[in-house]
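Undergrad: This structure is in structure tokens; I'll ask about it shortly.
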Amino acid sequence: MATAVVELGAKESRNAGAARGVAILDFILRLVGIVATLASAIAMATTNESLPFFTQFIRFRAKYNDLPTFTFFVAANSVVCAYLVLSLALSIFHIIRSRAHNTRVVLIFFDTIILSLLTAGASAAAAIVHLAHKGNVQANWSAICQQYNSFCERVSGSLVGSFIGILVLMLLIVLSAVALSRQ
């Protein structure tokens with residue numbers, strides 16, 4: 001009887017250690033997501049390039065806010081970054097109290113909504129970036145990345161950061177679901 005109690009205590013101790021490890025990984029992933037979405041929003045919001053046209057007084061300019069899709073992309077990444085900063089409090093709470101159940105369900109719910117927002121913004125921007133790189137012959141839209149090379153490089157880099165944020169959010173949802181299933 002005493003050995004059964006000792007074995008049960010050791011098993012609970014291992015489960016608590018694993019739950020704390022999952023909570024620490026959750027915290028680290030949220031920090032990675034903050035960096036990725038913040039860098040993505042900043043990179044896109046500061047993207048602009050001017051090209052001279054015949055004279056130095058007439059210039060063509062490309063800015064992110066010339067396209068509403070890029071404006072939505074910046075807003076989506078900013079909202080996701082702010083959410084991830086706010087969710088750090090619950091992540092710290094889970095490190096302290098690894099058996100919390102209801103707050104994990106809340107995080108899964110909001111993480112899923114935020115994942116949808118970030119995916120919508122990144123997908124819409126990716127479509128515009130594809131048009132900027134390749135153009136569309138049927139619609140008679142020419143590719144602009146030969147002329148606005150710096151603009152296209154920064155926008156493409158910004159997309160990479162956003163897709164890293166998407167991957168992090170997917171991992172967070174799976175991690176929270178695993179943590180709930182272990183309880």
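Every letter in the sequence shown is one number past the one before it in the UniProt record's numbering, and letter 84, counting from 1, is 84.
Heads up, the beta-carbon is just placed ideally off N, CA and C, and yes, glycines get one too.
Would you kindly work out how many angstroms separate the C-alpha atoms of A41 and I28, rounded to a whole number?
TA: As a first step, residue 41 is located in the sequence shown; it is residue number 41 there, counting from the start. As a first step, residue 28 is located in the sequence shown; it is residue number 28 there, counting from the start. Each residue's Cα considered, the two are about 20 Å apart.
Undergrad: In whole angstroms, give me the CA-to-CA distance for S176 and D26.
TA: In the sequence shown, counting from the first residue as 1, residue 176 sits at position 176. In the sequence shown, counting from the first residue as 1, residue 26 sits at position 26. If you take the alpha carbons of S176 and D26, they lie about 8 Å apart.
Undergrad: Any contact of the region 68-78 with the region 125-133, i.e. 3+ C-beta pairs under 8 Å?
TA: Short answer: they touch.
Undergrad: Alpha carbon to alpha carbon, what distance is there between R104 and I95?
TA: One-based indexing of the sequence shown puts residue 95 at position 95. One-based indexing of the sequence shown puts residue 104 at position 104. Those two C-alpha atoms are separated by around 12 Å.
Undergrad: Who are the near neighbours of K63 in its chain, counting only those whose CB is closer than 6 Å to its CB and skipping five residues on each side?
TA: For the purposes of this step, residue 63 is taken as residue 63 along the sequence shown, with counting starting at 1. Excluding residues within five positions, the ones whose Cβ falls inside 6 Å are N48.
Undergrad: Check whether the region 106-119 and the region 153-161 touch, using three or more Cβ-Cβ pairs below 8 Å as the test.
TA: Because the criterion of three Cβ pairs below 8 Å is not met, the region 106-119 and the region 153-161 do not touch.
Undergrad: How about S158: is its C-beta nearer than 8 Å to some C-beta of chain C?
TA: Protein chain content of the structure displayed is limited to a single chain, and chain C is not contained in it.
Undergrad: Sorted by chain position, which residues of the same chain lie with C-beta nearer than 8 Å to L118's C-beta, five sequence neighbours on each side aside?
TA: Within the sequence shown, residue 118 is the residue found at index 118, counting from 1. Hits under 8 Å: T37, A76, N77, V80, S162, G165, I166 and L169.
Undergrad: If R20 sits next to L172, beta carbons under 8 Å apart, how far is it from one beta carbon to the other, in whole angstroms?
TA: By one-based count along the sequence shown, residue 20 stands at place 20. By one-based count along the sequence shown, residue 172 stands at place 172. With 8 Å as the limit, R20 and L172 do not qualify as a contact, their Cβ atoms being about 17 Å apart.
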